[in-house]
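Working notes, structure below.
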Amino acid sequence: MRFPAAVTLLFALTAPAFADAPPPGGPGEIVIPGSPDDLLPGRPRTIQSVMPQGVTEMSYEAIVPIIARHAFLAGDFAFFDAKADGYRAAASRTTMGEWELDLLYRSINVSEPQGVAHDSAGFAMLEAKTQGWAAKFPDAPTPHVMYAWLLIQQAWMLESYANEDDDVQQGARYGVQAHALLKQAEDYLLAHKAVASADPEWYAMMIEAVGGEYGQQARRDALLAEGAGRFPDYTPIYGHYLSRLLHDPKSNFAAVDAAIRDAARRTAAHSGDQMYARLYTVVRLCHCDGDDLFGTTRADWPRMRQSFEQIAAAFPDPWVMDEEFFFACEAGDKASAASALKRIGANMAAPSPVWDYGQRALCQSWLADSAAPQGVSPLKPQKPQDAAQSVPAYAQALVAVADLLGAAVAAILRFF
């Protein structure tokens, strides 16, 4: 049951040790020095260092950002550092194989622009918090990486304004400012490399910062080689490299395919061919394929199907099978689509993020009607006999509460 599991997860991430529990710092626990003890005064707070068992990807990705943002905005940096330290030490991954450390960083974001003046002021406040964090814990890699992450997000915001502004000169100024912020992030990361590069996200952020300057492919290649040498299976390093390659006007899908195959080769000793499907999913999620992965890119469906099978064997979360269902439908592979859907069964309360609205109903209709795949256009209503299994009320309530809490935290971020 997802709702009790989610409650258990929320408590495990935030609660101190009970009086009859083992001493703080026991198996699987990390003591957080100097952290608030408002729940049980007088007892040091402890946390589980990695994701508790039995929690679905959907529940975890809904709850962790809420907790992470609360800790960050409350200035509870000891808690945030302890979580990051635990994820790094355990090299922990979620139930579908995503890296928990990456999810923690991605929780701190400003994703709804309100205008350049408002957003710049908000970023300045967040940057000030992070600088205070780094001053308090100078030997911790997390605040240094987080500071660069905030600079990069601000650059992304200005890049979006540059692309959308009808005033060409103003757009060009936004572009210059974005480039300056990426350079600032790069310089900061290099200045703190001795401490911060203990975190694999240092390499992901460096590739992102350097990637903002076209013509730096050789430097990105060197960073990828170094990062993959130290953290060979850390997916975000390859993901950021691929993202910058996809947005480089000098690149093409032959280069993208070569990069994905190279990443799969580098990680084969650790995870077989899992990286192949993971990175082609990145291509689709950014819509860089024109929403036609197998028609536009060089993605090979038989290899991708085998890659998904390997992922599902290692990380049997419903969302893994749901992604395989998505790509099998797009490839027109009815047998694989039916197999993936059967394995999902009633174990999934909501589709994985790979789907756009209405797509999943189309794929289910295609399976039931034995018709050719319709893709995503035109959308058509889902037939009653093809309707997805109803979502339990408690699961709907969990998702609704998570959405409300997430919106509340986003509002706080916008306010700051």
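So the sequence shown is numbered by this note's numbering: it starts at 1 and just counts up by one. Positions of the beta carbon are idealized from the N, C-alpha and C atoms, including for glycine.
Query: R220, buried or exposed, once every other Cβ within 10 Å from all chains shown has been counted against 16; Result: buried
Query: Outcome for A191 when other beta-carbon atoms lying within 10 angstroms are tallied against a minimum of 16; Result: exposed
Query: For R93, the residue or residues it bridges with in DSSP; Result: W99
Query: C288 classed as buried or exposed, judged by whether at least 16 other C-beta atoms fall within 10 angstroms; Result: buried
Query: G375 to Q131 span [Cα, whole Å]; Result: Per-residue confidence for G375 stands at a pLDDT of 48, beneath the threshold of 50, marking its modelled position as unreliable; the derived number appears in the next sentence. The alpha-carbon atoms of G375 and Q131 are separated by roughly 47 Å.
Query: Contact belief for A155 with L181 at Cβ below 8 Å, rounded distance in angstroms; Result: 4 Å
Query: Beta carbon of D333 nearer than 7 Å to that of S352; Result: no
Query: Three-state class that DSSP yields for F294 in the structure shown; Result: helix
Query: Backbone CA spacing between Q170 and F308 [nearest angstrom]; Result: 45 Å
Query: Helix, strand or coil at A346 [DSSP, three-state]; Result: coil
Query: A12 to Q364 span [Cα, whole Å]; Result: Here A12 scores only 38 on pLDDT, less than 50, and its place in the model should not be relied on; the value that follows carries that caveat. A12 and Q364: Cα-Cα distance of roughly 37 Å.
Query: CB of A268 within 7 Å of CB of F294, strictly; Result: no
Query: Option in A368, D233, I260 with minimal Cα separation from L246; Result: I260
Query: Unbroken alpha helix (DSSP H) run spanning D257, endpoints; Result: 253–271
Query: Delimiting residues of the alpha helix (DSSP H) encompassing Y161; Result: 141–164
Query: Close Cβ partners of R244 (< 6 Å) along its chain, the five nearest in sequence each way excluded; Result: G211
Query: Buried/exposed call for G290, threshold 16 Cβ in 10 Å; Result: exposed
Query: At least 3 beta-carbon pairs within less than 8 Å: the region 53–63 vs the region 73–85; Result: no
Query: Start and end residues, alpha helix (DSSP H) containing H240; Result: 235–246
Query: heavy atom of the ligand SAH below 6 Å from Q216 C-beta; Result: This structure does not include the ligand SAH; it has no bound ligands of any sort.
Query: Inter-stretch contact at 8 Å, needing at least 3 Cβ pairs: the region 197–204 / the region 228–238; Result: yes
Query: I207, DSSP secondary structure in three states; Result: helix
Query: Three-pair Cβ contact test at 8 Å for the region 335–354 versus the region 312–327; Result: yes
Query: Rounded straight-line distance, which links the Cα of V320 to that of A299; Result: 18 Å
Query: Rounded C-alpha distance that separates T95 from S271; Result: 15 Å
Query: Simplified DSSP assignment, three categories, for V64; Result: helix
Query: Y276 beta carbon less than 7 Å from that of R305; Result: no
Query: Given A361 as reference, the closest of N347, R343, C329 once Cα atoms are compared; Result: C329
Query: Beta-carbon spacing of A209, A185 below 7 Å; Result: yes
Query: Separation of P316 from R343, as counted between CA atoms; Result: 10 Å
Query: Of the residues A346, A140, K136, H179, the one placed nearest M157, counting alpha carbons only; Result: H179
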